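Right, one structure below, let's go through it.
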Amino acid sequence: MRLLGNYLQILIVVLFLVSYYWVVQQPSDDFDSEIPIERIVKLYERVISALRENSSEICEGTFKYCRRPETRHINCGEVLKGNKTYISTITGENRVPLVSNPYLNMTCPQISNRIRSSYEMNPLKVGGIAFARNVYTDYELIEKQVQMTWHPENRYCFVVDIDADIHFIWKMIQLVNCFENQMTMLPVTLYMDSAGHNQNLAHTQCMGSLLQYPNWSYLMLLQNHDIVTKTVYELDRIFEIMNGAADLEIENDTLDGSLRRFNFNPKNLKLFRNGLFEQQMFHNFLFPETGISENNLKTPVTLVSGSVAASLSRESVQWLIDTTDVTVFTEQLNRTEYGGDKKFMASLYTNSQLGMPGHFTSECIKQGVPVAHFTRFLFYLSMFYFHGFSMSQRADNESYKCATKTTRHKTCLFGIEDLKSIAEMPHLTWNKVYPSFDWSIIDCTAELLFNRTFLGQENKHFDEDYYMNSISVEYHRNRNNPGYKLNCTSNQKTKIYEYYL
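380 is the number that UniProt numbering gives to position 380 of the sequence shown; each next residue is one higher, with no gaps.
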């Protein structure tokens, strides 16, 4: 009995130590975007030093990427080599957050000078890329993302949250007004939040606005803190390979309690235009306007979760705006407490009976097989995730790490430690990247894309076969072939995030 008591005491101590280690060692999820005054002073001292050592015209006339004064001391090349000793000197207390410039010159010549390259750009094979981005803060990040994706054939649409700071709204208006033929900004009327409310409505409004511009072939749906990690020419080639297929995250879903009372069939959702729901004709009669049978109009739409971020062909966008009416669908998803926005595009994408161009299928979800995607990369904490699966990598409780040891909304916050993985992994965008946490990862990624775009730096990790053989692209290419059978299990091997930790 005494021996048993000793074992129990040892067990209690072990459990206490494990619990203590878990609480102390796990990264905090309460990242505060407010920068302490001590760090602001340190950053200003670095900026002043850089400006004293170099003339204020240091960026003029140069053919290299020009970083901000506060990040000019960063050796991006050493970070790309994975030099952890060096990386340790530019992280922690030495990490470089962005202190927003209150005196940023917002005249059109200066904005254009910051965005446009002095290099000539080659025509795009697919005829331009459109970007629809929901924003609310960090103007300098938004402008940097335009610079990183700039091409004369590309088009941009922004929806600004109605609760955004008035100075941010003004800067966004200035930006768009300087590029009237390439950019549009919708009236500031929508309230958007991190729970997903009105995110889909904002994106669909942007879709309608972007269709006024001819010639672009693919649209990327983005949010405030998505950073694009492929050059404009790499994106162009990827979309050429996709050839009409869409790409986004999909995963198993369980209905939010507030949605259980809704009957999600196309008829009740009034999903198709042109009065199709009043045409009660014969069973399985194909309506000529859409090719959707009456039976399918009454078949419930299987709700699927996924990602707000997506890559869609122009045909998909045209279908969403001209063939469907998603008003009722978005209104019902908006009634969820959290994450309704993640169900919108994923559900339209996987319910193949709806006929969305570039669609996928729900077959892999029914088989319980994760489907790889590449539009956006996130790294989740699985301990806060109770259902489903996804190839947005989720670590289990034991192996979970972020390179930065910092999280936000249960996902990794990326920093300069992640530059090598950003440079080598196949995803088109990464989320989340916060300027108030680490500007050096943004500047080094921008420099990487600049060097690959204009200076002939080869991307040895750009694997066209990865995109060609992705399950969604393969399905799109072969789905109409007689005898084609979808194999949900991919044989493709790619480096995972943990490889770089």
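Don't be surprised by glycine CBs; every beta carbon is placed ideally from N, CA and C. Remember, it's a predicted structure, so these values are computed and weren't measured experimentally.
The region 168–188 / the region 219–227 touching (three or more Cβ pairs under 8 Å): no
For I90, three-class secondary structure by DSSP: Taking the sequence shown and counting its residues from 1, one reaches residue 90 at position 90. I90: coil per DSSP, three-state reduction.
With H, G and I counted as helix, E and B as strand and the rest as coil, what does DSSP make of G209? In the sequence shown, the residue the question calls residue 209 occupies position 209. Correcting the residue identity first, residue 209 is Ser in this sequence and not Gly. DSSP places S209 in helix when its eight states are reduced to three.
Does the count of Cβ pairs from the region 75–83 and the region 100–109 closer than 8 Å reach three? no
With a cut-off of 8 Å on the beta carbons, I'd call P266 and N295 a contact; round off their distance for me. As a first step, residue 266 is located in the sequence shown; it is residue number 266 there, counting from the start. As a first step, residue 295 is located in the sequence shown; it is residue number 295 there, counting from the start. Actually they are not in contact, since the Cβ atoms of P266 and N295 sit about 11 Å apart, beyond 8 Å.
Three-state secondary structure (DSSP) at F437? In the sequence shown, counting from the first residue as 1, residue 437 sits at position 437. Residue state, collapsed to three classes: coil.
Sort A423, Q174, C488 by Cα distance to K230 and report the nearest one. The residue given as residue 230 occupies position 230 in the sequence shown. It is A423 whose Cα lies nearest to the Cα of K230.
Is A446 near M148, with beta carbons less than 7 Å apart? Within the sequence shown, numbered from 1, the residue matching residue 446 stands at position 446. Within the sequence shown, numbered from 1, the residue matching residue 148 stands at position 148. In this structure, M148 lies closer than 7 Å to A446 by Cβ.
Report the three-state DSSP secondary structure of C157 (helix, strand or coil). Residue numbering aside, residue 157 sits at position 157 when the sequence shown is read from its first letter. Strand, per DSSP.
Within 10 Å of its beta-carbon, does N215 have 16 or more other beta-carbons around it, so buried, or fewer, so exposed? Counting from 1 along the sequence shown, the entry for residue 215 is found at position 215. Per the 10 Å Cβ criterion, exposed.
Classify N94: buried if its beta carbon has 16 or more other beta carbons within 10 angstroms, exposed otherwise. Stepping through the sequence shown from its first residue, residue 94 is reached at position 94. Exposed, because fewer than 16 other Cβ atoms sit within 10 Å of the Cβ of N94.
State yes or no: is the C-beta of T324 within less than 7 Å of the C-beta of S362? For the purposes of this step, residue 324 is identified with residue 324 of the sequence shown, where counting begins at 1. For the purposes of this step, residue 362 is identified with residue 362 of the sequence shown, where counting begins at 1. It is not a contact, given that the beta carbons lie outside the stated cut-off.
Should the region 315–331 be regarded as contacting the region 453–465, the criterion being three or more beta carbon pairs within less than 8 Å? no
Exposure of T89, with buried meaning 16 or more beta-carbon neighbours within 10 Å: Residue mapping note: residue 89 aligns to position 89 of the sequence shown, counting from 1. So T89 counts as exposed.
Relative to the alpha-carbon of L320, which residue among L348, T336, N334, F462 has its alpha-carbon at the smallest distance? For the purposes of this step, residue 320 is identified with residue 320 of the sequence shown, where counting begins at 1. Nearest of L348, T336, N334, F462 to L320, Cα basis: L348.
On the DSSP letters alone, give me the boundaries of the alpha helix (DSSP H) that A132 sits inside. As a working mapping, residue 132 is identified with position 132 in the sequence shown. Segment 129–135 is the beta strand (DSSP E) holding A132; no alpha helix (DSSP H) there.
Count the other CB atoms within 10 Å of the CB of S118; is the residue buried (16 or more) or exposed (fewer)? Position 118 of the sequence shown, counting from 1, holds the residue named residue 118. Flag for S118 reads exposed.
For the alpha helix (DSSP H) containing S472, list its first residue and its last residue. Position 472 of the sequence shown, counting from 1, holds the residue named residue 472. Unbroken alpha helix (DSSP H) run through S472: 471–478.
Using 7 Å as the limit for Cβ to Cβ distance, is C76 near chain C? This model lacks chain C altogether, as it is built from one protein chain only.
In chain order, what residues of the same chain have a beta carbon less than 6 Å from the beta carbon of D341, not counting five sequence neighbours either side? Looking up residue 341 in the sequence shown gives position 341. So the qualifying residues of the chain are G196, Q199, N200, V308.
Helix, strand or coil at I74 [DSSP, three-state]: For the purposes of this step, residue 74 is taken as residue 74 along the sequence shown, with counting starting at 1. Here I74 sits in coil by DSSP.
What residue from F131, K298, R116, M183 has the CA that sits closest to L269's CA? As a working note, residue 269 is residue 269 in the sequence shown. Closest by alpha carbon: K298.
Where does P381 land, buried or exposed, given buried means 16+ other C-beta within 10 angstroms? Here residue 381 refers to the residue found at position 381 of the sequence shown. Note that residue 381 corresponds to Leu in the displayed sequence, not to Pro. Result: buried.
Can you tell me where the beta strand (DSSP E) holding A310 begins and where it ends? Counting from 1 along the sequence shown, the entry for residue 310 is found at position 310. A310 -> beta strand (DSSP E) spans 310–313.
On the DSSP bridge list, what partners appear for D247? Within the sequence shown, numbered from 1, the residue matching residue 247 stands at position 247. Answer is S311.
So what's Y499 in DSSP terms, helix, strand or just coil? The sequence position of residue 499 within the sequence shown is 499, counting from 1. Y499: helix per DSSP, three-state reduction.
In or out: S194 buried (at least 16 other Cβ within 10 Å) or exposed? Taking the sequence shown and counting its residues from 1, one reaches residue 194 at position 194. Counting Cβ neighbours within 10 Å, S194 comes out exposed, since fewer than 16 surround it.
From E417, K401, Q332, residue whose alpha carbon lies closest to that of K410: Counting from 1 along the sequence shown, the entry for residue 410 is found at position 410. It is K401 whose Cα lies nearest to the Cα of K410.
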